[in-house]
Structure formats: structure tokens, C-alpha cells
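Enquirer: Which chain is which? The protein sequence lines are A and B, in order.
Per my numbering, the very first residue in the first sequence carries number 140; after that it's consecutive.
Per my numbering, the very first residue in the second sequence carries number -8; after that it's consecutive.
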Amino acid sequence: MLFSPQTIALSIVDVADTTYKISTSESIEELLASINCIGLLSPPILKKNPRTYTIISGFKRIAACINLGWTTIEARVVDYKASDLQCARIAIADNSANRSLNFIEQSISLSMLLNYYDDKEVIREAKGLGLNINASLLEKLKKTAQLSSEIKKTILRGTISLTIALELGKMDKPSAMALSQLFESLNPTFNIQKEMLTMVKEIARIKDLSISQLLNDKYFLSIMENGEISRNQKVQKIRYYFKKMRNPVITQFEENFDCLMQRIDLPDEIKLIPPDNFEGTRYSIVFNFQNLKEFEFKKEALDKLMLHPEFIKIFEKEIADYKSLH
Amino acid sequence: MQITNLYIDRDVLDYPAVDAIRTRLNIPHTVIEGPEKVYEIVSASADPVESGKHALLLTKNKGAFIRNCPGTVKYTCCDYTILHIGTFCTMDCSYCILQSYFHPPVLQLFVNHDDMTASLDSVFSQNKKMRIGTGEFTDSMIWETIYPFADKLILKFAKQTHAILELKTKTVNISNILEVSHNRKTILSWSLNTERIIKSEERGTSSLDARLNAAARCQSKGYPLAFHFDPMIIYPGCEKEYQDVIEKLFSHVSSENIVWISLGTFRFMPALKAIVEKRFEHSKIVYGEFIKGMDAKMRYFKPLRISFYQKIISYIRLLAPDVLIYFCMEDTEVWEKTIGFDPSDYGGLPRMLDDSATRHCGLSEDIN
């Protein structure tokens, strides 16, 4: 492929044609300063058309030059006979040679190649153009390419992980948008996002509702719109709200247990630990002491505990507590 | 589900069962050098579970025909003995553990029946009370439409007095066994569920009415019966629907002819969840209130199980006060809070089941 260096009038460069655009960054501030200071170091690559030029690589450089009031630009021009595939390969190679591409840029690059190659060939071809992609990543990137532009933007902003984005991509658009906005607004950790996503999906299935309907619930909205609590407090309240909807019996049971424990009011440093998930039958009491006097005090507290009616309830009422809930 | 691919292990090509199955299925077959080839084909398909139900492999059981049930020490086990006749199932239940138990799941029938007979002879010669069943890794009776051999097993058990055979099924493939001289050493048992669950979660199985009618026919031929409410699914209104099933059960068969009724709520290895979600889009069974149990399986929250069992047991007791009810894999706390005692008070669950089998099936008391 031969490039011929030419001086091109910017007025005939078709900046609206984004066929070969890979970069997701729109910011040209740094580029403006650099070009203004030392000029255009790397000429963009253009494809000659009968009357205009299509940008293959260098969208931001051209935008910066136009912004600086330039009327012409030094460019490397590809002949009009160059095929779409050849132009796509140039665009990918030029972009990946200068920086590592983010997920969205990789998915755009692969989408270009997938018009011409099957999966196996595309992995090989991408490698030759500077993209290291394996079969598993290829599948993710193919799905990424299908995501809505709004979700792609949240990935780029770092609000949601690719895994979460791909899950959102499987949903109806209003549901995906509602969740995306929830994550955008509360910015929970990726692990909490995953937990919320799973909960919401399952609650929606249980209740035969769409996720967007679920997230339009009055109580949920009241948490989201509450201006008196912090973002972290909102996250905690919403997680608890989801947990209560997903596992009402378990949540209520745990609340009852906590109430009993409060009423028992064990001294500090004595802890009653129930079996995991209340599945086993073995409870533990853990207490710390520093000397014999403290040991005696704790022992007396434990002796009193034996007679505490609420303590006995923990064992005797385990099932009865549930009955009142069901 | 229809078998579309028949694979025959070269080692068993001239076994009598193979010819009979080829003739009966009347589909092209592929001779293979070992089961690995079939595993590869099934694993490579988009839905290996589905593919595994269409591919039948005729092969040898190279391991033990007689095995102990893989229970865990954390929960009370019935100490069942498995007669390993084959694997997987032509029916398609959403909750089926076999979907994630075998890697990949493949319909296999072990045709080295002489070895199976020899294994049984060896067991029988011990003169030890045993409850032996074929329904752990497969449905006991699906094979009757492919290669009927339940009658031979029934006859085999009829000739001894220490062990009973339990044939557990969701089919009504009983025509071949009705007239067999069983000597009450074979218990015909059915898995039961609510009509709603049968319809939504048990693809390709017989209806509740059909199962109960089949049970009644077997009873009329003198067979002792058993029923398994397992897995019971907890959903809104389930108690009433299980009560309806229980009432229907006792309107079809006599409680006096029931050797045991087992109860077990849905439990599953975590890996099954994704399979159910993928293969049974409309199923909600994996969205119950589950916790991770002491055996790492997902189980309904214990207080929920206890409350549910209490109701189910009260419904059964109302109609059949004396029938033996037991739990499959529950702990002492559940037993005590629902049935009212710990099996160890009665010598343990295996002993309780053996005693019931002795009473109903006339097992010999002699134990060497």
C-alpha cells in the first residue's frame, strides 16, 4: 500500500464520515496545545474520493487543525482504489501502534474485520495489526459491539465493568438504562454492582416484572431521591431493600434474631454466633478476658444468660418465629 | 425424548441386548472404540444436556454394579444401595441433578447383564438385609421402552428373601412387569409432585393421574409401593397443591400397601443454577430462598423447610397415620421438629426402612 504525502485543503475533508473512526476519546485540548506549539508531527491518513477525502486515521488531529484555523494540512493519502478492508486495516494498525485500545475501540476494530473474516481468521489478522485477542475476548468484544451507545459510554467512564455491561446488553433497553443510571448515580463497587444486578434480575423473574418496573417502585425512588443521606447510605439501603425483596423470609428471620440479641443485651466482648445460615445446630459463645476477675464477671454474665427468656427463645422459637412470618 | 443417535461400544457388539436394542430402535448406529468419543461429541454440542438425551451409548459397566448411595455425613442418609444399570434419562426435569452430575451427561445402558447378575448373586449370598434401587443415576423404568429387563430383575429378587428391589420412576412403563411373580420383593415407587410442577418442570414425564393409576394397577397385582415427594418446590400456594396430591394419592392406593414415603425439598449443587436458567427459561425454581447447606448444596432456608415439612406431614398423617415417612438428607433438628423424633432413637434411618421392608415385603429376619 502506497501513501503519497500531499497537502490537502481541510474544506474538502469529509469530517462527518466516521466509517474508519476507532478512537472513543473526543477531547482535543492537549492535542490543540501540542500542535499549536510544535506543529503536526504525524500526518493523518486520508482516502481519496472523487471530490472529497475520507479520514482513515487522525480524526482528532484534523479536528484540532480546523479548530486552530488551519485551511490546509499535510496528510498521507491512500489511493481511491484502496478497498474498504485495506482502509480498515490501516485504521486499526495506526491506532493500535500509537496506544493501547480500550474495550470499545477493540470492539469497533473487530467489527470492521468481522465483515471480511471468520472468528479464527479475525484473531490471526488482529494480531498482525497489533491487537492481542483470544477466542474468549473475541466473544465479549462481539457482544460489546452490540451494546447501546449509552452503555458504551458508561464503560468508557469506568462506571461499570465490561462484565456488567454485557449483562445489561442482554436486557430490554429500558431495564438496561435504568440499571445503568442506578450504577452511574451511586457508583457502587463492581462487586456490589454484580450483587445488585443478580438480585434485581431474580426479583424481576420472581415477581414477573421488568427491571425498569422494579426500579420505578415508590420506595426505591424515595431512597434514590432522598437528599439527606449520602451516596454510601443509599447503596446500603438499596442493597437491603433488594435483599428483603429477594429473600423476605430469611431477612425477616435475621431481623428477629437481631432483635432478640438486642433484648438479651450481652455485655461487651461476649458474642453469640449462630450456625452459618442457621442451617447447622451448633451455636458458639465467644468471650474475651484479661484476668481472673474479668473471667468471673463474664462467667456470671453467661450464667445469667442461661436464665434469660429471650436467650431460650433463640432455640425454642426458631421455627415459631418463622411461623408468624409465613 | 427420542433417541436419534445410537453408539455401540465395540466391546459389547455381540451382547444379546445390543441386537435387541438395535432392532427395537431401528436407527443407524455407530460403533465406537470407547465411550470417550461419545463424550466428545456430546460435549461439543451447543446444549450437551439436550444432546445427551438423544444419544444412547450401549456399553459395559466397567466399575461396580452395586454401590453405596453418595450421601454425606452432615445429613441423615437412608443408606440405600444402588444397582448401577445405566445413566441419565430420556425425560427432562428442570431440577434434575444429573444435568450437572455427569460431565457430560450421556444416556448409557450397561449391557453386560451377566456381570450384573453375578454382582447380585454375590450380594444375595451375604444374607444381609438390603434395599437396592436402580433409580439413582437414571429413571428405573425408562429402559422398558428400549430394552425391557425390569421383569428379569424382579424375578431375580423374587427368588431370595433378604433384599428388596426398588424401581423408582416418573413413567408408567409397567405393562411388562404386571404379571411377573414378584414375591413382594420388588417395590414399585413413583416420584410425585404437584400438577403445576409436573407441567412446568418435568418435561416428558407422565401426568400425576397416570402415575397414580399405574401405582394402583401395580397394587392390584400385589406389588408393594413407595412414593417420593422429592424434590418438593416451595412456591406460593404450594402447601394446598401438595395437599391435593396427597389426597389424590390415598384415593388411588391403600396406605397399608405403602412401604415408605420420602420427603425432600429441592436442593442442588450451585452449578445447576446456570443450567436451569439456560435450559428452562420459564422456570423459577432456582429463585427460592436458598442458603448454602453443610454439604455445599443450595437448600431452602431451614426454618422454611421445617415449617413446610410440618404441614406436609400433617396432611399425610391425617390420611395415613401409620405410613413410614422419612426425609432424604435432612438433619436431626428437622426430624425432631417435624416428625417428632430422631431416627437414631429407633436404631437409625436404615434400620427403620429395613424394618418397614421386612413387614411389607416379608424379608427374612436372618442376618448373618
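The C-beta atom is built at its ideal place from N, Cα and C for all residues, glycine as well.
If you're wondering where the values come from, they're calculated on a predicted model, not measured in any experiment.
How many Å lie between D2 (chain B) and E24 (chain B) at the Cα?
Expert: Sequence index remark: in the second sequence, residue 2 (chain B) carries index 11 (1-based). Sequence index remark: in the second sequence, residue 24 (chain B) carries index 33 (1-based). Distance between the alpha carbons of D2 (chain B) and E24 (chain B): 8 Å.
Enquirer: Output, in sequence order along the chain, the residues in the region 270 to 286 of chain B whose CB is closer than 7 Å to any CB in chain A.
Expert: Cβ contacts with chain A: K275, Y278, E280, I282, K283, G284 and M285.
Enquirer: Count the other CB atoms within 10 Å of the CB of S314 (chain A); is the residue buried (16 or more) or exposed (fewer)?
Expert: Residue mapping note: residue 314 (chain A) aligns to position 175 of the first sequence, counting from 1. Buried: at least 16 other Cβ atoms inside 10 Å.
Enquirer: Considering N395 (chain A), what are the terminal residues of the alpha helix (DSSP H) in which it resides?
Expert: As a working mapping, residue 395 (chain A) is identified with position 256 in the first sequence. Start and end: P387 to I403.
Enquirer: CA-CA distance, C229 (chain B) and E323 (chain A)?
Expert: By 1-based counting over the second sequence, the position of residue 229 (chain B) is 238. By 1-based counting over the first sequence, the position of residue 323 (chain A) is 184. C229 (chain B) and E323 (chain A): Cα-Cα distance of roughly 40 Å.
Enquirer: Are there three or more Cβ pairs, one per stretch, closer than 8 Å when the region 128 to 145 of chain B is compared with the region 313 to 333 of chain B?
Expert: Flag = no, the region 128 to 145 of chain B and the region 313 to 333 of chain B do not touch.
Enquirer: Which residue wins for smallest C-alpha separation from I205 (chain A), given the options A:P189, A:F396, A:L170 and A:K187?
Expert: Counted from its first residue, the first sequence places residue 205 (chain A) at position 66. For I205 (chain A), the nearest C-alpha among the options comes from A:L170.
Enquirer: Can you find a CB in chain A that lies within less than 8 Å of the CB of K264 (chain B)?
Expert: Sequence index remark: in the second sequence, residue 264 (chain B) carries index 273 (1-based). No, its Cβ sits nowhere closer than 8 Å to a Cβ of chain A.
Enquirer: Strictly below 8 Å CB to CB, what residues from chain B border T337 (chain A)?
Expert: The residue you call residue 337 (chain A) lines up with position 198 of the first sequence. Here the premise fails: no neighbours, minimum Cβ distance about 10 Å.
Enquirer: Taking the C-alpha atoms as reference points, what is the distance between Y380 (chain A) and S361 (chain A)?
Expert: Numbered from 1 along the first sequence, position 241 holds the residue referred to as residue 380 (chain A). Numbered from 1 along the first sequence, position 222 holds the residue referred to as residue 361 (chain A). Taking the straight line joining both Cα atoms gives about 12 Å.
Enquirer: Round the Cβ separation of L280 (chain A) and I272 (chain A) to the nearest angstrom and send it over; I've been treating them as touching at under 8 Å.
Expert: Counted from its first residue, the first sequence places residue 280 (chain A) at position 141. Counted from its first residue, the first sequence places residue 272 (chain A) at position 133. About 7 Å separates the two Cβ atoms, so the contact holds.
Enquirer: If the cut is a Cβ gap below 8 Å, which residues of chain A does E324 (chain B) touch?
Expert: What you label residue 324 (chain B) is simply residue 333 of the second sequence in a count that begins at 1. Ordered by position in chain A, the residues that pass the 8 Å Cβ test against E324 (chain B) are T420.
Enquirer: Any contact between the region 54 to 68 of chain B and the region 34 to 46 of chain B? By contact I mean 3 or more CB pairs, one from each, below 8 Å.
Expert: Segments in contact, no.
Enquirer: Among A:T210, A:A172 and A:A221, whose alpha-carbon lies nearest the alpha-carbon of K186 (chain A)?
Expert: For the purposes of this step, residue 186 (chain A) is identified with residue 47 of the first sequence, where counting begins at 1. Taking only the C-alpha atoms, the option nearest K186 (chain A) is A:A221.
Enquirer: Under 8 Å: do the region 192 to 208 of chain A and the region 141 to 155 of chain A share three or more Cβ pairs, one atom per stretch?
Expert: Yes, the region 192 to 208 of chain A touches the region 141 to 155 of chain A.
Enquirer: Mind checking if L295 (chain B) is an interface residue toward chain A, Cβ cutoff 8 Å exclusive?
Expert: Locating residue 295 (chain B) in the second sequence gives position 304, where the first residue counts as 1. Closer than 8 Å: yes.
Enquirer: In angstroms, rounded to a whole number, what distance separates the CA positions of K462 (chain A) and T329 (chain B)?
Expert: On the first sequence, residue 462 (chain A) is found 323 positions in, with the first residue counted as 1. On the second sequence, residue 329 (chain B) is found 338 positions in, with the first residue counted as 1. Residue placement at K462 (chain A) is poorly supported in this model, since its pLDDT is 42, which falls under 50; the coordinates are not used for a value here.
Enquirer: Taking A265 (chain A) as the reference, give the member of A:L240, A:S288, A:S287 and A:K282 with the closest Cα.
Expert: Numbered from 1 along the first sequence, position 126 holds the residue referred to as residue 265 (chain A). Among A:L240, A:S288, A:S287 and A:K282, the Cα nearest to that of A265 (chain A) belongs to A:L240.
Enquirer: Please check the pair F220 (chain B) and S253 (chain B), which I expect to be a contact at CB under 8 Å, by giving their CB distance rounded to whole angstroms.
Expert: Along the second sequence, read from residue 1 onward, the residue named residue 220 (chain B) stands at position 229. Along the second sequence, read from residue 1 onward, the residue named residue 253 (chain B) stands at position 262. With a Cβ gap of about 7 Å, F220 (chain B) and S253 (chain B) count as contacting.
Enquirer: If we ignore side chains and look at the alpha-carbon of each, how far apart do D153 (chain A) and F271 (chain B) end up?
Expert: By one-based count along the first sequence, residue 153 (chain A) stands at place 14. By one-based count along the second sequence, residue 271 (chain B) stands at place 280. C-alpha separation (whole angstroms): 51 Å.
Enquirer: Can you tell me the Cβ-Cβ gap for P413 (chain A) and T420 (chain A), rounded? I've got them flagged as a contact below 8 Å.
Expert: As a position in the first sequence, residue 413 (chain A) is number 274, starting the count at 1. As a position in the first sequence, residue 420 (chain A) is number 281, starting the count at 1. P413 (chain A) to T420 (chain A), Cβ: 10 Å. No contact.
Enquirer: Per DSSP, L336 (chain A) forms a beta bridge with which residues?
Expert: Residue mapping note: residue 336 (chain A) aligns to position 197 of the first sequence, counting from 1. Looking at the DSSP assignment, L336 (chain A) forms no beta bridge with any residue, so it has no partner.
Enquirer: For the beta strand (DSSP E) containing V22 (chain B), list its first residue and its last residue.
Expert: Against the second sequence, residue 22 (chain B) aligns to sequence position 31. Counting along the chain, the beta strand (DSSP E) containing V22 (chain B) begins and ends at H20 to I23.
Enquirer: Examine chain A for any beta-carbon lying closer than 8 Å to the beta-carbon of F292 (chain B), and answer yes or no.
Expert: Counting from 1 along the second sequence, the entry for residue 292 (chain B) is found at position 301. Closer than 8 Å: yes.
Enquirer: Should I123 (chain B) and L156 (chain B) be called a contact, given that it needs their Cβ atoms to be closer than 8 Å?
Expert: Sequence index remark: in the second sequence, residue 123 (chain B) carries index 132 (1-based). Sequence index remark: in the second sequence, residue 156 (chain B) carries index 165 (1-based). It is a contact, given that the beta carbons lie within the stated cut-off.
Enquirer: Tell me whether K45 (chain B) sits in a helix, a strand or coil according to DSSP, three-state version.
Expert: Stepping through the second sequence from its first residue, residue 45 (chain B) is reached at position 54. Residue identity differs from the one stated: residue 45 (chain B) is His in this sequence, not Lys. The answer is helix: DSSP assigns H45 (chain B) an H, G or I state.
Enquirer: Going by DSSP in three states, N174 (chain B) sits in which element: helix, strand or coil?
Expert: Here residue 174 (chain B) is taken as the residue at index 183 of the second sequence, counted from 1. N174 (chain B) falls in the coil class under three-state DSSP.
Enquirer: Excluding the 5 residues preceding and the 5 following T298 (chain A) in the sequence, name in chain order all residues of the same chain whose CB lies nearer than 6 Å to its CB.
Expert: As a first step, residue 298 (chain A) must be located in the first sequence, where it is residue number 159. Only F322 and E323 meet the Cβ criterion.
Enquirer: My output table needs one value for V152 (chain A): the three-state DSSP class, helix, strand or coil.
Expert: Taking the first sequence and counting its residues from 1, the one referred to as residue 152 (chain A) is at position 13. Here V152 (chain A) sits in strand by DSSP.
Enquirer: Cα separation between S335 (chain B) and K309 (chain A)?
Expert: Walking along the second sequence from the start, residue 335 (chain B) turns up at place 344. Walking along the first sequence from the start, residue 309 (chain A) turns up at place 170. Roughly 51 Å separates the two Cα atoms.
Enquirer: Would you kindly check if the distance between the Cβ of L216 (chain B) and the Cβ of C209 (chain B) is under 8 Å?
Expert: Walking along the second sequence from the start, residue 209 (chain B) turns up at place 218. Walking along the second sequence from the start, residue 216 (chain B) turns up at place 225. Taking 8 Å as the Cβ cut-off, C209 (chain B) and L216 (chain B) qualify as a contacting pair.
Enquirer: What three-state label does DSSP hand W326 (chain B) in the structure shown?
Expert: Sequence index remark: in the second sequence, residue 326 (chain B) carries index 335 (1-based). In this structure, W326 (chain B) counts as helix in the three-state DSSP scheme.
Enquirer: For N234 (chain A) and S196 (chain A), which I take to be in contact (beta-carbon distance under 8 Å), what is that distance rounded to the nearest angstrom?
Expert: Here residue 234 (chain A) refers to the residue found at position 95 when the first sequence is read from its first residue. Here residue 196 (chain A) refers to the residue found at position 57 when the first sequence is read from its first residue. Between S196 (chain A) and N234 (chain A) the Cβ distance is about 6 Å, and since that is below 8 Å, they are a contact.
Enquirer: Could you please tell me which residues of the region 381 to 400 of chain A, in chain order, have their CB closer than 7 Å to any CB of chain B?
Expert: Cβ contacts with chain B: N386, V388, I389 and F392.
Enquirer: With DSSP run on the structure shown, which of helix, strand or coil describes T157 (chain A)?
Expert: For the purposes of this step, residue 157 (chain A) is taken as the residue at position 18 of the first sequence. Three-state result, T157 (chain A): coil.
Enquirer: State yes or no: is the C-beta of E341 (chain A) within less than 8 Å of the C-beta of R385 (chain A)?
Expert: Taking the first residue of the first sequence as position 1, residue 341 (chain A) is located at position 202. Taking the first residue of the first sequence as position 1, residue 385 (chain A) is located at position 246. Their beta carbons are under 8 Å apart, which means E341 (chain A) touches R385 (chain A) by this criterion.
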